[in-house]
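Numbering (the UniProt record's numbering), first residue to last: 1 to 122. Glycine residues also receive a C-beta, built at the ideal position from the N, C-alpha and C atoms.
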């Protein structure tokens, strides 16, 4: 049972939120002329360093903020938890990805995280 909670938390917070933030910042920086290495250093490192510091020094305050924001994300997080509990989370991601195809054209490109330029640079 503990693995469900662990995967759920990672998927709900770290994998989605932080990845979205750093990926969008990296793209913005490189599109505006910043070198890829500098863009990586200005996105990934400051965010992960800050999050680690906050959690390790103000864990309880972080937990209060996390709990307060949980309700607004309840529907999507509940769906994630149910997928994990049913051991169909990977299948769910694949099926959800199909929803992004419109008239055989990819409306919102979804690729592997490790294939994005930012992760290749890092």
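- At the C-beta level, residue 36 and residue 121 come within 7 Å of one another.
- One alpha carbon belongs to residue 20, the other to residue 43, and they sit about 11 Å apart.
- Of all alpha-carbon atoms in 39, 81, 32, 31, the one lying nearest the alpha-carbon of residue 119 is that of 39.
- In the DSSP annotation of this structure, residue 32 is not part of any alpha helix (DSSP H), being labelled neither H nor E.
- Note on geometry: alpha-carbon atoms of residue 17 and residue 51 lie some 12 Å from one another.
- Rounded to the nearest whole angstrom, the C-alpha separation of residue 34 and residue 57 is 33 Å.
- Collapsing the DSSP output to three states places residue 92 in a helix.
- In this model, residue 30 and residue 24 are separated by some 10 Å (Cα to Cα).
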